[in-house]
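S.K.:
Residue numbers (full-length UniProt numbering): 1 to 256.
#1: How is the alpha helix (DSSP H) around residue 231 delimited, first residue to last?
#2: Can you tell me the Cβ-Cβ gap for residue 175 and residue 236, rounded? I've got them flagged as a contact below 8 angstroms.
#3: If residue 178 sits next to residue 120, beta carbons under 8 angstroms apart, how far is it from one beta carbon to the other, in whole angstroms?
#4: Is the segment 188-197 in contact with the segment 219-230, if contact means three or more CB pairs nearer than 8 angstroms?
#5: Using the Cα positions of residue 159 and residue 151, report the straight-line distance between them to the nearest angstrom.
#6: Excluding the 5 residues flanking residue 115 on each side, which residues of the same chain have their C-beta closer than 7 angstroms to its C-beta?
#7: Which residues in the same chain have their Cβ closer than 6 angstroms to the Cβ of residue 212, if we skip the five residues on either side of it in sequence?
#8: By a C-beta neighbour count over all protein chains shown, 10 Å radius and 16 as the cutoff for buried, is residue 46 buried or exposed?
#9: Does DSSP classify residue 188 as helix, strand or coil?
#10: Assign residue 179 to one of three DSSP states: helix, strand, or coil.
#11: Please tell me whether residue 210 and residue 186 are closer than 8 angstroms, where the distance is taken between their beta carbons.
#12: Quick one: what's got a C-beta closer than 7 angstroms to residue 131's C-beta in the same chain, skipping five residues either side?
#13: In angstroms, rounded to a whole number, what distance separates the CA positions of residue 221 and residue 181?
#14: Kindly indicate which three-state DSSP category residue 48 falls into: helix, strand or coil?
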């Protein structure tokens with residue numbers, strides 16, 4: 001029996017060693033490549049429960065219960081403080097969910113039932129489910145043609161010229177484009193920003209401003225901003241032939 005207990009203890013100890021070594025490797029990867037830092041957090045979630053394992057406190061059970069209680073209370077502190085701050089000390093009167101609701105309501109009231117939408121993958125599925133409007137892209141990026149469509153849709157966050165972006169949207173037959181205004185600041189905050197990714201893919205365009213920041217601040221031919229709030233904007237697409245006809249046509253003079 002004693003040998004079995006020792007064997008079980010050795011195996012358990014090996015499991016802990018393996019987990020901590022894996023944590024060290026993932027931490028090194030996360031520090032070297034920022035986009036892989038999620039591996040460190042994932043492994044951290046695996047290791048965290050071992051803090052309360054009886055393996056470490058076989059002879060001191062009182063310490064085991066004290067540590068378990070401390071970990072439990074600590075896990076509640078941060079979410080609790082965040083909830084209290086948002087409830088009693090809000091930084092702004094509304095939230096992203098409120099702006100999303102107002103945008104969805106605007107779409108249901110002011111757009112045709114067959115109007116085709118495109119936008120960020122984190123909200124475009126909600127647009128389809130709530131408003132029943134057709135969409136050209138969604139979050140299932142593992143499907144190749146959906147991945148390619150989404151890349152074309154996200155060109156609005158790049159520094160490409162308006163004609164290039166318009167051609168991509170016209171091929172997708174997009175009528176309304178939803179943009180996230182938080183991603184249209186024309187500034188790079190970190191390496192994971194959409195603008196930073198586009199600059200890496202198209203370094204020759206770095207001299208131009210971000211296209212969606214231009215959309216948010218000025219009128220551009222074939223693109224008309226029809227809705228905006230603090231978080232989202234909706235751009236209506238017009239065909240270039242309509243733009244040309246509007247430019248060539250003249251309003252008749254009214255004879256008094």
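Ideal Cβ positions, reconstructed from N, Cα and C, are used throughout, including at glycine.
M.R.: Per the coordinate set shown:
#1: From DSSP, residue 231 is part of no alpha helix (DSSP H); its letter is neither H nor E.
#2: 7 angstroms
#3: 7 angstroms
#4: no
#5: 14 angstroms
#6: For residue 115, where only same-chain residues beyond five positions count, the Cβ hits under 7 angstroms are 133, 175 and 176.
#7: 156, 157, 179 and 184
#8: exposed
#9: coil
#10: strand
#11: In this structure, residue 186 lies closer than 8 angstroms to residue 210 by Cβ.
#12: 104, 107 and 108
#13: 20 angstroms
#14: helix
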